[in-house]
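Peer 1: Start counting the sequence shown at 84; every next residue gets the next number (our numbering). Note that the Cβ used here is the ideal one computed from N, Cα and C, for glycine as well.
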Amino acid sequence: MQRPHGIRQGQMTINVPGVIRTLGESLYADPHVAIRELLQNAHDTCLVRQADDPNAPVPEIHVRYDPFGRSLTIEDNGTGMTEAEVEQFLSVIGASNTDAVRSRLEALGERSLAERLIGRFGLGMLAAFIIGERIEFVTRSFRSEGEAAVWWECTGEQSYRMGQTTRATAGTTVTVAIKPGQVHLLREDELSRLIRLFADLLSVPIYLDPSPRPVNVMQAPWHSDASESDYIRYLNELYPSESVLAVIPLNVEEDNGAFKLGGVLFIPKQPYLNVREHGDLIVYVRRMFVCRGERSLLPEWAKFVKGVVESPNLRETTSREALRRDEYFERVQRTLGQVILTYLEQLALNDQRLFREIVTQHNRVIKSWALISDELFARIKDIVLFDTDAGRMNLPRYFEQSQLSRSGINSDDPHQRLLFYFTTPGGIGQHAVLFAAKGLRVIDAQYFPDEPFLRRYAELTEHIGLRRLDVGGDFIFEALTNKDERWLELEERYAEMGVQAQVAQYLPESIPAVLIFAENSETTEQVDTLLADPNLSQSIKQLLRAMLDERKAERKSSANKGMLYLNARNPVINQVATLNHYSDPQMRDVLIFLYNNALMLSAQGAQRLVKPEHAKQIFDANNRVASALMNAITGTTGAIDLPPSTVAPYALLINTLGNAQANQELRAVLESAPFFLRVVGIDAALSLTEHSLQSLQQAACIVVDASEPAQASLLALGAVWALAPNVPIIALRAGEADRLAIPAIDAVYDLGVRGAALRGALQELNLAQAASRLSAADFLRYEFVSERLAQALAEHFRSIDEVLNADPAEVSNLLGVRLAPLGLIEELQRALQEDRDA
Numbered sequence: 084m085q086r087p088h089g090i091r092q093g094q095m096t097i098n099v100p101g102v103i104r105t106l107g108e109s110l111y112a113d114p115h116v117a118i119r120e121l122l123q124n125a126h127d128t129c130l131v132r133q134a135d136d137p138n139a140p141v142p143e144i145h146v147r148y149d150p151f152g153r154s155l156t157i158e159d160n161g162t163g164m165t166e167a168e169v170e171q172f173l174s175v176i177g178a179s180n181t182d183a184v185r186s187r188l189e190a191l192g193e194r195s196l197a198e199r200l201i202g203r204f205g206l207g208m209l210a211a212f213i214i215g216e217r218i219e220f221v222t223r224s225f226r227s228e229g230e231a232a233v234w235w236e237c238t239g240e241q242s243y244r245m246g247q248t249t250r251a252t253a254g255t256t257v258t259v260a261i262k263p264g265q266v267h268l269l270r271e272d273e274l275s276r277l278i279r280l281f282a283d284l285l286s287v288p289i290y291l292d293p294s295p296r297p298v299n300v301m302q303a304p305w306h307s308d309a310s311e312s313d314y315i316r317y318l319n320e321l322y323p324s325e326s327v328l329a330v331i332p333l334n335v336e337e338d339n340g341a342f343k344l345g346g347v348l349f350i351p352k353q354p355y356l357n358v359r360e361h362g363d364l365i366v367y368v369r370r371m372f373v374c375r376g377e378r379s380l381l382p383e384w385a386k387f388v389k390g391v392v393e394s395p396n397l398r399e400t401t402s403r404e405a406l407r408r409d410e411y412f413e414r415v416q417r418t419l420g421q422v423i424l425t426y427l428e429q430l431a432l433n434d435q436r437l438f439r440e441i442v443t444q445h446n447r448v449i450k451s452w453a454l455i456s457d458e459l460f461a462r463i464k465d466i467v468l469f470d471t472d473a474g475r476m477n478l479p480r481y482f483e484q485s486q487l488s489r490s491g492i493n494s495d496d497p498h499q500r501l502l503f504y505f506t507t508p509g510g511i512g513q514h515a516v517l518f519a520a521k522g523l524r525v526i527d528a529q530y531f532p533d534e535p536f537l538r539r540y541a542e543l544t545e546h547i548g549l550r551r552l553d554v555g556g557d558f559i560f561e562a563l564t565n566k567d568e569r570w571l572e573l574e575e576r577y578a579e580m581g582v583q584a585q586v587a588q589y590l591p592e593s594i595p596a597v598l599i600f601a602e603n604s605e606t607t608e609q610v611d612t613l614l615a616d617p618n619l620s621q622s623i624k625q626l627l628r629a630m631l632d633e634r635k636a637e638r639k640s641s642a643n644k645g646m647l648y649l650n651a652r653n654p655v656i657n658q659v660a661t662l663n664h665y666s667d668p669q670m671r672d673v674l675i676f677l678y679n680n681a682l683m684l685s686a687q688g689a690q691r692l693v694k695p696e697h698a699k700q701i702f703d704a705n706n707r708v709a710s711a712l713m714n715a716i717t718g719t720t721g722a723i724d725l726p727p728s729t730v731a732p733y734a735l736l737i738n739t740l741g742n743a744q745a746n747q748e749l750r751a752v753l754e755s756a757p758f759f760l761r762v763v764g765i766d767a768a769l770s771l772t773e774h775s776l777q778s779l780q781q782a783a784c785i786v787v788d789a790s791e792p793a794q795a796s797l798l799a800l801g802a803v804w805a806l807a808p809n810v811p812i813i814a815l816r817a818g819e820a821d822r823l824a825i826p827a828i829d830a831v832y833d834l835g836v837r838g839a840a841l842r843g844a845l846q847e848l849n850l851a852q853a854a855s856r857l858s859a860a861d862f863l864r865y866e867f868v869s870e871r872l873a874q875a876l877a878e879h880f881r882s883i884d885e886v887l888n889a890d891p892a893e894v895s896n897l898l899g900v901r902l903a904p905l906g907l908i909e910e911l912q913r914a915l916q917e918d919r920d921a
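(1) If we ignore side chains and look at the alpha-carbon of each, how far apart do L432 and L905 end up?
(2) The alpha helix (DSSP H) that contains E120, what's its start and end?
(3) In chain order, what residues of the same chain have a beta carbon less than 7 Å from the beta carbon of E273, not counting five sequence neighbours either side?
(4) Check each candidate in K389, Q874 and C374 and name the one with the smallest Cα separation from V327.
(5) I'd like to know if the stretch 235-248 and the stretch 290-298 are in contact, where contact means that at least 3 CB-CB pairs between them fall below 8 Å.
(6) Counting Cβ pairs, one atom from each stretch, are 3 or more of them under 8 Å apart for the stretch 340-348 and the stretch 412-431?
(7) Evaluate Q916 with the Cβ neighbour count: other Cβ atoms within 10 Å of its Cβ, from every protein chain shown; 16 or more gives buried, anything less gives exposed.
(8) My guess is that M646 and Q585 are in contact by the Cβ rule of under 8 Å, so how many angstroms apart are they, rounded?
(9) Terminal residues of the continuous beta strand (DSSP E) containing E219?
(10) If L923 and V368 are in contact, beta carbons under 8 Å, what's the gap, nearest whole angstrom?
(11) May I ask which residues mark the beginning and end of the alpha helix (DSSP H) holding K450?
(12) Excluding five sequence neighbours on each side, which residues of the same chain lie with their C-beta closer than 6 Å to the C-beta of W234?
(13) Between I559, T165 and A587, which has its C-alpha nearest W570's C-alpha?
(14) Can you tell me which of the three DSSP states F349 falls into?
(15) Taking 7 Å as the threshold (C-beta atoms), are V131 and T162 in contact?
(16) Does the Cβ of Q123 have 16 or more other Cβ atoms within 10 Å, making it buried, or fewer, making it exposed?
(17) In whole angstroms, give me the CA-to-CA distance for E240 and D457.
(18) What residue does the beta strand (DSSP E) around L760 start on, and which one ends it?
(19) In three-state DSSP terms, what is G264?
(20) Can you tell me whether G899 is buried or exposed, with buried defined as 16 or more other CB within 10 angstroms of its CB?
(21) State yes or no: is the C-beta of E534 within less than 7 Å of the C-beta of A541?
(22) Is it right to say R913 is buried, meaning 16 or more other beta carbons lie within 10 angstroms of its own, or is it exposed?
(23) Using three-state DSSP, classify A232 as helix, strand or coil.
(24) What is the rounded straight-line gap between the Cα of N680 and the Cα of S485?
(25) CA-CA distance, C237 and Y426?
(26) Can you tell me whether D127 is buried or exposed? The criterion is at least 16 other CB atoms within 10 Å of its CB, across all chains shown.
(27) From what residue to what residue does the beta strand (DSSP E) around D922 run?
(28) Sort L823, A839, I825 and V868 by Cα distance to A751 and report the nearest one.
(29) Quick check on E866: does DSSP put it in helix, strand or coil?
(30) Residues in its own chain within less than 6 Å of E592 by CB, not counting five upstream and five downstream?
(31) Please classify S394 as buried or exposed, where buried requires at least 16 other C-beta atoms within 10 Å of its C-beta.
(32) To which residues of the same chain is L280 closer than 7 Å at the C-beta, ignoring the five residues directly before and after it?
(33) Assign R408 to one of two classes, buried (16 or more other C-beta atoms within 10 Å of its C-beta) or exposed (fewer than that).
(34) Take I929 as the anchor and find which of A734, Q265, L173 and D667 has the nearest alpha-carbon.
(35) For S310, count the other beta carbons within 10 Å of its own beta carbon; 16 or more makes it buried, fewer makes it exposed. Which is it?
(36) DSSP has I423 in a bridge; who is on the other side?
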């Protein structure tokens, strides 16, 4: 081949009609970004004029719209452009002067101003063609005083038109002829929304004419010395559907100002058992909005946090609708992780109440991600909480409690600390009583991710011994070596009822029967729901699948209907077997009663609601009621010798109307002078087995509003009357209502005013007490105290002095940390003391 000659150089050209419009539509996915790009250009030129023109006016941007003429106009009083600059930068795609200006400002020491310049690519004008058919520029440079202004027009083709015109002052006016399909933008509410979205933090005021007030706020809380309440108000506007639990301001500056990170993170409130993940951010770069719902910038483990991040170091993609994953992205991510972990550590030292609330509400998400992140695990392994038989606590606290009970010491290795847990489905209350009888302090690890977390803790922490103790094996239930005929017959009677039962020996003797399930449907449903959640991370889903597979393998051969363990040491069970009156229908009721109450304590609803001390009370009540039923069969009395109740005088209030205001009126009379009665409420949802026969018989009175009684509540009243027939009943009713068919003090009231009628009936019963005592009302005036906690405090303390002088940790343990967290008791003592000092 002959060597080429006559070589010349040419330039490739694109001959595509509408190429400018095509490029804009291809580059930007969201038509709304056209507004952002036009505002950003106006903003940058205003900032540059502030730096270059000592006589620059106060910068401002004006937005005007004409829906009938289909036009949008954005006008600024910035630098403007000369004819040469228009040809160099406006008429050449990809040409930008912003980087050069930014470098010049940094060299002059104007880093703060340089950081606020947004433009980088010289492509902003393309965005206007997503919404516009034609763009017109009128611009005049502040440097060309006396010269004509420049007029420039383009319809999205390769060509443009340019000429001279007049403009009174320096600056630029951009007018976009809006496409018919985008005319919905030309509304005040829509333009205001877009200005707030894209340009809310820009430091130049943006006016939507004719309003005299700027639309954008210009300053976020982190741009000034803001208070926590300022941050919360700001977050409430951005996240109206979220409740803010804790605020983490961001104000990081490193490398002599070369690296900056501002914004605010917050930890939302959520229910304890929720494994919902957050981890999404709103991102600003140089004060300009880039994106919402950014889920990669926070560390992967920080799924309990969300918020707003602003940094001049982050880089956007060309369309400025997402972030580039580069070294700056990774540095911001690392810094956010350090800020969150440092915040939690400081909070654990300085604000135990808030820290405990955070760790409680996001306990499962934090523990789940700690299994994936070694850094997070190391920082939080000793502060996350677990449900135990002594309440919710962290592992160091668990070891302290175990040392006190001597259950946490390994006799073979005195340096080793033992950690006991169970995964058997069932309530912590029921299991805690069983394990406590063995002298053990145990952790309820039946829910994800507690068991894998405990295993990892034992692997990475020196001198930790892990012991899994499942209910249902020989550890708790001791098999009878030689079952006599009465035990076999009792098991057969339950088998006839379709219940798999086994008589065994176990402690404590007060427990008549325990129902143990091999598989927990709630746990399985919870895992299935989480696996189906598209927002849950794949890493967490892998852990869930592993746990589910392991549990299924363990329980593959187990029965799903549960095993009823009947306690051969329990007096009631012995009485049932000895009487052998299975032909009597009432004995069948006794068997059903024992099974139903065992079912209640092992049921899904009881797993979290029944605490150990309540479980013991229910077991004792079961014994009393079952004994009473069998006494009715045999005609005997006092088959079981149980200690008398020590409950203070109380009134039993049966809620028949579901009227909270009426019940509050009745409580006020009962709890105040001169009666000072403790109030216990019963409605259709509360089992009467919670009240022993003896405690019911010690009630001062039973109060019921019989005007519009519900059937379920009348059944509750009938049951109470049958169990405690000597307790007087006060039946309140409106004048037109019928009297109750059972013996009662008939207290008629008028116009819905029940209090006076109740007071008269109480006086008729001579229930006035000589000395006053605390009532729930003494504590309910503090809005952070729940009704249950107020009632518990009134039961356990005789005076405010006793509450003030009590150790808050002991009060928390006495009432249960779930009902009475340590921080809340401390806050209550402070409030009581402040009121006393006032």
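Peer 2: In this structure, then:
(1) For the purposes of this step, residue 432 is identified with residue 349 of the sequence shown, where counting begins at 1. For the purposes of this step, residue 905 is identified with residue 822 of the sequence shown, where counting begins at 1. Inter-residue distance for L432 and L905 is about 14 Å (C-alpha atoms, whole angstroms).
(2) Along the sequence shown, one-based indexing puts residue 120 at 37. If you look at E120, you'll find it in the alpha helix (DSSP H) that goes V116 to D135.
(3) By 1-based counting over the sequence shown, the position of residue 273 is 190. Closer than 7 Å at the Cβ level, and outside the excluded window around E273, lie H267.
(4) Stepping through the sequence shown from its first residue, residue 327 is reached at position 244. K389 is the residue among K389, Q874 and C374 whose C-alpha sits nearest the C-alpha of V327.
(5) no
(6) Under the 8 Å Cβ criterion, the stretch 340-348 counts as touching the stretch 412-431, having at least three qualifying pairs.
(7) As a working mapping, residue 916 is identified with position 833 in the sequence shown. Q916 comes out exposed.
(8) Taking the first residue of the sequence shown as position 1, residue 646 is located at position 563. Taking the first residue of the sequence shown as position 1, residue 585 is located at position 502. Confirmed, Cβ separation roughly 6 Å.
(9) Start at 1 with the first residue of the sequence shown, and residue 219 comes out as number 136. Element bounds for E219: G215 to R223.
(10) The question about residue 923 has no answer here: the residues shown for the chain are numbered 84 through 921.
(11) Here residue 450 refers to the residue found at position 367 of the sequence shown. N446 to A453 is the extent of the alpha helix (DSSP H) around K450.
(12) The residue given as residue 234 occupies position 151 in the sequence shown. Taken in chain order, the residues that qualify are V221, G246 and T248.
(13) Numbered from its first residue, the sequence shown carries residue 570 at position 487. Nearest Cα to W570 within the set I559, T165 and A587: A587.
(14) Working through the sequence shown from its first residue, we reach residue 349 at position 266. Three-state result, F349: strand.
(15) Numbered from 1 along the sequence shown, position 79 holds the residue referred to as residue 162. Numbered from 1 along the sequence shown, position 48 holds the residue referred to as residue 131. Contact flag set, yes.
(16) To locate residue 123, count along the sequence shown from 1; it is residue 40. Buried: at least 16 other Cβ atoms inside 10 Å.
(17) Reading the sequence shown from its first residue, position 157 is the one you call residue 240. Reading the sequence shown from its first residue, position 374 is the one you call residue 457. Their backbone Cα atoms lie some 56 Å apart in a straight line.
(18) The sequence position of residue 760 within the sequence shown is 677, counting from 1. Counting along the chain, L760 falls outside any beta strand (DSSP E), and DSSP gives it neither H nor E.
(19) Here residue 264 refers to the residue found at position 181 of the sequence shown. G264 falls in the helix class under three-state DSSP.
(20) Counting from 1 along the sequence shown, the entry for residue 899 is found at position 816. The residue in question, G899, is buried, as its Cβ has 16 or more Cβ neighbours within 10 Å.
(21) Working through the sequence shown from its first residue, we reach residue 534 at position 451. Working through the sequence shown from its first residue, we reach residue 541 at position 458. The answer is no: Cβ separation not under 7 Å.
(22) For the purposes of this step, residue 913 is taken as the residue at position 830 of the sequence shown. Classification of R913: exposed, given that the 10 Å Cβ count is below 16.
(23) Your numbering for residue 232 matches position 149 in the sequence shown. Under the three-state reduction of DSSP output, A232 falls in the strand class.
(24) For this step, residue 680 is matched to residue 597 along the sequence shown. For this step, residue 485 is matched to residue 402 along the sequence shown. In this structure, the alpha-carbon of N680 lies about 30 Å from that of S485.
(25) Within the sequence shown, numbered from 1, the residue matching residue 237 stands at position 154. Within the sequence shown, numbered from 1, the residue matching residue 426 stands at position 343. Looking at the two C-alpha atoms, the distance is approximately 53 Å.
(26) As a working note, residue 127 is residue 44 in the sequence shown. Buried, since its Cβ has 16 or more Cβ neighbours within 10 Å.
(27) Residue 922 falls outside the range modelled here, since the chain spans only 84 to 921, and no answer is possible.
(28) As a first step, residue 751 must be located in the sequence shown, where it is residue number 668. Cα-wise, what sits closest to A751 is A839.
(29) Residue numbering aside, residue 866 sits at position 783 when the sequence shown is read from its first letter. Looking at E866 - three-state DSSP - the assignment turns out to be coil, as it is neither helix nor strand.
(30) Along the sequence shown, read from residue 1 onward, the residue named residue 592 stands at position 509. Excluding residues within five positions, the ones whose Cβ falls inside 6 Å are R652 and N653.
(31) Counting from 1 along the sequence shown, the entry for residue 394 is found at position 311. Under this definition S394 is a buried residue.
(32) Locating residue 280 in the sequence shown gives position 197, where the first residue counts as 1. Taken in chain order, the residues that qualify are F372.
(33) In the sequence shown, residue 408 corresponds to position 325, counting from 1. Counting Cβ neighbours within 10 Å, R408 comes out exposed, since fewer than 16 surround it.
(34) The requested residue 929 does not occur in the structure, where the chain is confined to residues 84 to 921.
(35) Taking the first residue of the sequence shown as position 1, residue 310 is located at position 227. S310 should be labelled exposed.
(36) Locating residue 423 in the sequence shown gives position 340, counting from the first residue. Answer is none; I423 lacks a bridge partner.
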